[in-house]
Amino acid sequence: METNYGISSPWEKVYWFARMLINSDQYGGIGGDSRRMNALASAIKTAIDQSNDDEHIVMEFLNQKLKNILLEGRKPGTSIYHSLEKLYMDLQDDLITLTDFKILCLTCEKVLVPINSCLGNIPSNDSEFVETYANTFLKKEGAKGLANIINILDDKGLRGSLECERKQLVASFSELRKNIENEMSGADLDSVLTAFCQEFERRVGQKRKGRAGRGVEGATSLIFRHFGIKASQAPEHFTTGLEIDRWVRTKEGWYIGISCKRTLRERWKQAYTTDLNLLNRHKIQALWHVLTYDKDLSDEKLTEIGSHRAVLYLPDDSPKLKKAGNHPGMKEYVRPMSSFIDDLKSLVS
DNA sequence: TCAAACTTCGGTGAACCGCG
DNA sequence: CGCGGTTCACCGAAGTTTGA
């Protein structure tokens with residue numbers, strides 16, 4: 076472990092242990108498995124409390140135990156197995172003394188397990204909370220309510236979820252602090268507490284992305300249900316680089332693919348295909364993209380997407396939409412959310 | 001020179017598969 | 001059915017490139 080500016084504490088390892096155990100690319104992300112984390116923690120505790128052997132014998136025992144718990148029930152040869160073996164190997168560099176095992180123990184029991192359960196208590200989608208609200212709103216406002224509904228759901232869902240995240244964090248932070256502040260202080264205490272918060276935020280932040288995406292998807296599907304638009308099966312053997320959430324069959328028997336996202340980001344090139352033959356072969360009239368975030372759309376992107384049978388639906392108050400409205404070509408394929416249903420209905424019936 | 005445009009990253013959750 | 005395993009979409013923030 077690097078020593079940093081004279082403020083380093085052995086408890087800095089809490090952060091790095093947590094990081095390694097959660098890292099799914101390299102190490103299999105086993106830290107999310109609370110059962111194993113608890114098993115590991117109690118194995119370390121009992122070994123340290125009950126053994127009278129000298130340190131290196133206990134260490135050897137614990138290393139074996141660690142390996143067993145990490146690999147137990149896993150099939151050799153799978154990619155996860157290799158990742159976990161690598162995790163075990165790389166952990167060795169930081170497990171030099173029994174104190175290091177105590178630190179690992181605390182990481183599992185007091186950092187990872189609580190964060191896991193916090194994550195479990197935080198919703199992974201906003202739909203339940205938002206559904207009844209949205210339905211009454213749409214009933215009252217009708218199709219013109221569409222202008223705001225997705226953004227409102229987005230905001231409401233975000234707000235509600237952030238509040239929930241804060242509650243979870245404050246409560247578990249408090250518990251952790253009370254738990255350890257009698258035994259440690261100063262830089263040690265700081266290292267543990269900040270490691271907890273930093274990992275909490277990293278993970279909850281990732282969860283937030285998925286939730287935002289599902290929120291848009293859910294809001295759109297709610298709109299479909301509310302206005303009684305039937306989704307159809309996807310045309311056979313047609314796949315895009317981009318996920319199409321639902322297909323709608325027009326009265327002419329062609330298809331419109333609808334994809335819902337918060338933003339396109341680097342995926343914008345997959346939002347259209349230049350292969351018009353492919354579209355014709357599968358009777359695909361257009362691909363519609365419902366987006367709530369417009370800031371990463373440049374004019375170049377808009378025209379490129381729009382010139383290949385793709386249509387973008389943006390929030391009514393979107394500046395990019397406003398700009399496109401003044402442009403004769405662009406307004407054909409950059410459309411306001413509020414006309415989404417009418418556009419769709421005129422094609423379906 | 002520096003802001004705008006664009007791309008990359010990565011933990012989570014869901015879908016799916018094969019197995020017992 | 002449940003469980004391990006794999007794959008993929010999610011997007012906010014950080015990082016890189018472009019172009020005026």
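Every position in the first sequence, counted from 1, becomes a number in our numbering once 75 is added. In this text, a Cβ means the ideal position worked out from N, Cα and C, and glycines have one as well.
Buried or exposed (CB count within 10 angstroms, at least 16 for buried), residue i
i, result
"His301", "buried"
"Ile171", "exposed"
"Glu87", "buried"
"Phe92", "buried"
"Lys305", "exposed"
"Lys344", "exposed"
"Met412", "buried"
"Met73", "For the chain, the structure presents residues 76 to 424; residue 73 sits outside this window and is missing."
"Val279", "buried"
"Glu77", "Bear in mind that a pLDDT of 48 at Glu77, under 50, signals an unreliable position, so the number given afterwards is only what the model happens to contain. Exposed: under 16 other Cβ atoms inside 10 Å."
"Met164", "exposed"
"Ile178", "buried"
"Arg321", "buried"
"Glu184", "buried"
"Ser99", "exposed"
"Gly81", "Confidence is the limiting factor: at Gly81 the pLDDT is only 49, short of 50, which leaves the residue's position unreliable, though a coordinate-based value still follows. That one is exposed."
"Glu240", "buried"
Beta-carbon gap between residue i and residue j smaller than 8 Å
i, j, result
"Ile402", "Leu387", "According to the sequence displayed, residue 402 carries His and not Ile. Cβ atoms of His402 and Leu387: not closer than 8 Å."
"Leu396", "Leu366", "no"
"Ser158", "Gln101", "yes"
"Gly106", "Ile119", "no"
"Ala114", "Ile144", "yes"
"Ile319", "Tyr347", "no"
"Asp369", "Leu389", "yes"
"Val186", "Glu276", "no"
"Thr295", "Leu422", "no"
"Met112", "Leu173", "no"
"Ala218", "Asp417", "yes"
"Ser236", "Arg289", "no"
"Ser199", "Lys284", "no"
Per DSSP, cross-strand counterpart(s) of residue i
i, result
"Gly332", "Trp322 and Leu362"
DSSP-derived helix/strand/coil call for residue i
i, result
"Tyr388", "strand"
"Arg410", "strand"
"Ser451", "Residue 451 is absent from the model: the chain starts at 76 and stops at 424."
"Gly152", "coil"
"Asp100", "helix"
"Tyr90", "helix"
"Asn401", "coil"
"Thr315", "coil"
"Ser83", "coil"
"Met76", "Any reading at Met76 must be qualified, since the residue scores a pLDDT of 48, below 50, and its modelled position is unreliable; no value is offered."
"Tyr163", "helix"
"His157", "helix"
"Lys370", "coil"
"Asp417", "helix"
**Sufficient close CB pairs (3 or more, under 8 Å) joining the segment 325-333 to the segment 347-364** = yes
**Asked** Per the contact definition of three or more C-beta pairs closer than 8 Å, is the segment 186-193 in contact with the segment 246-262?
**Response** yes
**Item:** contact_flag[the segment 253-273, the segment 215-233] where n(CB pairs < 8 Å) is 3 or more
**Value:** no
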